[in-house]
Structure formats: C-alpha cells, structure tokens
Amino acid sequence: MARRIDVTGADGVRLAAWEFADPPKTGLDPAEGRTGPAAGPPGVLLLHGLMGRASHWASTARWLAARHRAVALDQRGHGQSEKSARAAYTREAYVEDAEAALEQLGLAPAILVGHAMGALTAWQLAAKRSDLVRGLIICDMRASALGAASQREWAEWFKAWPAPFATLADVRKWFGEDDPWVERPSPARGAFYAEVMHESADGWRPVFEPEQMLRTRESWVYDAHWEELAQVRCPTLVVRGVDGELGRAEAQEMVRVLPAGEYAEVADAGHLAHYELPLAWRASVLPFLDGLLGD
Numbered sequence: 001m002a003r004r005i006d007v008t009g010a011d012g013v014r015l016a017a018w019e020f021a022d023p024p025k026t027g028l029d030p031a032e033g034r035t036g037p038a039a040g041p042p043g044v045l046l047l048h049g050l051m052g053r054a055s056h057w058a059s060t061a062r063w064l065a066a067r068h069r070a071v072a073l074d075q076r077g078h079g080q081s082e083k084s085a086r087a088a089y090t091r092e093a094y095v096e097d098a099e100a101a102l103e104q105l106g107l108a109p110a111i112l113v114g115h116a117m118g119a120l121t122a123w124q125l126a127a128k129r130s131d132l133v134r135g136l137i138i139c140d141m142r143a144s145a146l147g148a149a150s151q152r153e154w155a156e157w158f159k160a161w162p163a164p165f166a167t168l169a170d171v172r173k174w175f176g177e178d179d180p181w182v183e184r185p186s187p188a189r190g191a192f193y194a195e196v197m198h199e200s201a202d203g204w205r206p207v208f209e210p211e212q213m214l215r216t217r218e219s220w221v222y223d224a225h226w227e228e229l230a231q232v233r234c235p236t237l238v239v240r241g242v243d244g245e246l247g248r249a250e251a252q253e254m255v256r257v258l259p260a261g262e263y264a265e266v267a268d269a270g271h272l273a274h275y276e277l278p279l280a281w282r283a284s285v286l287p288f289l290d291g292l293l294g295d
C-alpha cells in the first residue's frame with residue numbers, strides 16, 4: 001500500500017507525504033489516530049535528496065513501520081508535490097516545509113532520516129526546532145562548502161542527459177552504465193533515476209525541472225553548514241557509503257562537531273546506500289534506533 005497525505009508547506013505550497021505501510025497498532029491515540037509524544041515509539045519523517053522522491057524510502061519506511069509511524073515527504077519541486085516556478089526554492093523554505101509536515105502529521109518529537117539534501121534539511125530543522133526532533137540520521141551529506149565549480153559541473157551534467165529517453169530501459173542503462181559520472185555499472189542507480197521519470201508525448205522526462213534543481217542546490221552549495229550542525233542537540237548518526245560522496249575524515253569530523261554524534265558506514269555502498277543496499281543500510285542504523293528507544 002501507499003497512502004498519500006496532503007501537507008501544506010511554506011507559503012501554501014502543496015506537498016505530498018506518503019505512508020508505505022500501516023503504522024503499528026500499539027501506541028496510537030484512538031481519538032486522534034496518530035502517534036503522540038507519550039504514545040509509544042517516536043514517529044519518523046524521511047526526507048529524500050535532490051532529484052529524489054518519497055518512494056525512494058519505501059523499503060526503509062516499510063521496515064520502520066514495524067514499530068514506528070514512518071512517513072516520507074515529497075519535497076517541493078519533487079515527486080508529486082507542487083513544482084510552481086513562483087515558489088521559493090531556498091534552504092528556509094525546505095526547512096519550513098519539513099517543520100510543517102512534522103506538525104500537521106502529528107509525528108513530533110520525531111526521528112528525522114535524511115539523505116543528501118534531505119539530511120541537510122533535517123539537521124537545519126533539528127538546530128532550529130529541537131522540540132520537534134528526538135533523533136537524527138544523516139546519510140551521505142557533506143557539511144563543507146562545495147563551491148562554484150561543483151555547481152558548474154552539475155549544470156553541465158544536466159545538459160548531457162539524452163532526454164527525452166525513448167524507454168525506461170534507456171533511462172536505466174544511461175544512468176546505470178553510460179552516464180560519465182558512473183565509475184562502474186550500477187543497476188541500482190539506473191533504477192533510482194527510472195523512478196523520477198514520467199512519460200510525456202515525446203518520451204520519458206524527469207518529473208522535476210532541472211532548472212529548479214539547480215536553483216535549489218544553489219541555496220546550499222556555496223556555504224558550509226558546520227555551525228548549524230553544532231547546534232543539533234539530539235542524538236545523531238552520521239552514515240556514509242564507503243564509496244559515497246561523504247569522505248570518512250569529514251564524516252568523523254561531523255561526528256566530533258555534533259554534541260551527541262555517532263558514526264556508521266555501509267560497506268560496498270555508494271551515495272545511494274539506503275536504496276542500493278537496503279539490508280546493509282538497515283543493519284547500520286538499527287543499533288542507533290535501538291538506542292533511541294532505550295532512552
């Protein structure tokens with residue numbers, strides 16, 4: 001099952017949140033039908049990365065649903081959420097959207113689980129509203145500034161896409177094998193990008209606007225985010241794929257900067273650790289989640 005829940009984000013932007021499994025029967029307020037602060041294990045809000053969508057968290061959400069109410073959010077400009085050209089694609093807007101989702105879904109104080117951009121949103125929200133966040137999992141997101149060269153590389157990468165793609169098989173092949181950014185064949189990467197395509201009159205195109213993705217990325221790529229990281233007071237797990245974008249030295253420095261930081265890594269995984277190796281990903285985060293429940 002996949003149940004959509006509509007959320008109103010910052011400035012009235014319409015957002016789609018998704019439950020991929022029924023929440024646990026225990027710990028629910030029968031009057032409200034939701035998890036409350038004193039009603040069993042905390043809720044979980046899952047935040048995808050740039051160009052991602054809530055469905056990329058489906059496997060994790062179903063696993064978490066054994067003991068948590070787990071909801072994944074299509075962030076603005078992504079998935080089935082609003083993609084208005086007039087909307088703001090700023091750091092503040094993404095953080096306010098996640099804040100609104102926690103409050104409207106009744107998840108707080110929640111565990112935030114974020115991948116890449118979603119992880120940055122999660123730790124910025126945790127720094128801003130500690131009352132809403134019980135714990136935090138950061139997956140493969142750097143705290144250092146990436147700079148103008150990185151933004152130019154992304155702009156050129158988008159131009160290199162041979163869109164529209166004739167078939168979804170072509171999508172999987174290009175992103176999994178032919179993309180110049182692919183160091184070795186990765187069927188999981190191909191499948192990941194196939195999930196963010198939709199069929200149009202001339203072929204398969206992304207559900208998002210690449211220009212909006214660049215605008216979104218521009219809102220964080222030039223800045224370092226160590227100061228906000230240091231303001232996160234809740235227990236936090238920094239997870240990296242061994243072959244991902246977050247290096248071990250930077251990840252361990254992030255753990256040092258965090259007041260209550262822990263470290264884990266997923267062997268043989270890249271940037272999409274939670275998607276390409278879901279069992280290994282679960283094993284890497286389970287001790288942390290168990291620790292939160294034992295608090």
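Mapping to the working numbering: the sequence shown position 137 is 137, numbers consecutive. Note that CB positions come from ideal geometry on N, CA and C, so glycine has one too. All values derive from a computational prediction rather than experimental measurement.
Helix, strand or coil at residue i according to DSSP, with G and I counted as helix
| i | result |
| --- | --- |
| phenylalanine 165 | strand |
| serine 284 | helix |
| threonine 90 | coil |
| valine 221 | helix |
| leucine 292 | helix |
| tryptophan 57 | helix |
| glutamate 265 | strand |
| glutamate 19 | strand |
| histidine 78 | coil |
| serine 200 | strand |
| proline 210 | helix |
| glycine 40 | coil |
| glutamate 32 | Residue placement at glutamate 32 cannot be trusted, given a pLDDT of 46 that sits under 50; what the coordinates show is reported in the next sentence. Note: glutamate 32 maps to coil in three-state DSSP. |
| arginine 3 | strand |
| alanine 70 | strand |
| aspartate 11 | helix |
| tyrosine 275 | helix |
| arginine 152 | helix |
| arginine 240 | strand |
| arginine 205 | strand |
| leucine 102 | helix |
| leucine 64 | helix |
| leucine 46 | strand |
Nearest residue (CA-CA) to residue i, options the options
| i | options | result |
| --- | --- | --- |
| leucine 15 | Met51, Asp22, Gln75, Ser59 | Gln75 |
| isoleucine 5 | Ala122, Arg189, Met51, Ser81 | Ser81 |
| arginine 351 | His56, Pro41, Ile137 | No answer is possible for residue 351: it lies beyond the span of the chain, which begins at 1 and ends at 295. |
| glutamate 92 | Leu277, Leu286, Asp170, Gly9 | Gly9 |
| serine 284 | Arg256, Gly261, Met254, Gly241 | Gly241 |
| leucine 120 | Thr167, Glu96, Pro287, Arg282 | Glu96 |
| alanine 166 | Ala160, Glu199, Leu46, Asp178 | Glu199 |
| alanine 238 | Arg256, Asp223, Val182, Ala264 | In the sequence as presented, alanine is not what sits at residue 238; that position holds valine. Closest by alpha carbon: Ala264. |
| alanine 188 | Val257, Val207, His271 | His271 |
| alanine 160 | Arg172, Gly176, Pro180, Lys173 | Pro180 |
| glutamine 252 | Trp226, His274, Leu46 | Trp226 |
| aspartate 298 | His115, Val7, Trp204 | Here the chain comprises residues numbered 1 to 295, so residue 298 is not present and cannot be evaluated. |
| glutamate 103 | Asp22, Gly190, Pro287, Val133 | Val133 |
| methionine 1 | Met51, Val7, Ala65 | Ala65 |
| alanine 155 | His274, Glu209, Asp202, Ile137 | Glu209 |
| proline 109 | Ala58, Val44, Ala54 | Val44 |
| threonine 236 | His274, Leu286, Glu218 | Leu286 |
| histidine 48 | Val196, Val13, Phe158, Pro164 | Val196 |
| valine 207 | Tyr94, Trp281, Gly114, Met51 | Met51 |
| alanine 194 | Ile137, Trp157, Gly176 | Gly176 |
| glycine 115 | Glu228, Arg172, Trp174, Ser55 | For clarity, residue 115 is histidine in the given sequence; the question names glycine instead. Of Glu228, Arg172, Trp174, Ser55, the residue nearest in Cα terms is Ser55. |
| valine 182 | Val7, Trp63, Trp157, Thr60 | Trp157 |
With 16 other Cβ atoms within 10 Å as the buried cut-off, status of residue i
| i | result |
| --- | --- |
| leucine 107 | buried |
| glycine 118 | buried |
| alanine 38 | Confidence in alanine 38 is poor, its pLDDT being 43 and thus under 50, which makes the residue's placement unreliable; the coordinate value appears in the next sentence. Alanine 38 comes out exposed. |
| arginine 184 | exposed |
| alanine 87 | buried |
| glycine 261 | buried |
| methionine 254 | buried |
| glutamate 99 | buried |
| leucine 279 | exposed |
| arginine 3 | exposed |
| proline 23 | buried |
| alanine 85 | exposed |
| alanine 267 | exposed |
| serine 186 | buried |
| tyrosine 89 | buried |
Three CB pairs or more closer than 8 angstroms across the stretch 122-134 and the stretch 221-238: yes
Given 8 angstroms, three or more beta-carbon pairs between the stretch 147-159 and the stretch 214-221: Flag = yes, the stretch 147-159 and the stretch 214-221 touch.
Within the stretch 105-135, ranges of the alpha helix (DSSP H) (whole runs, at least 4 residues): 117-128
The stretch 130-143 touching the stretch 246-258, judged by at least three CB pairs closer than 8 angstroms: yes
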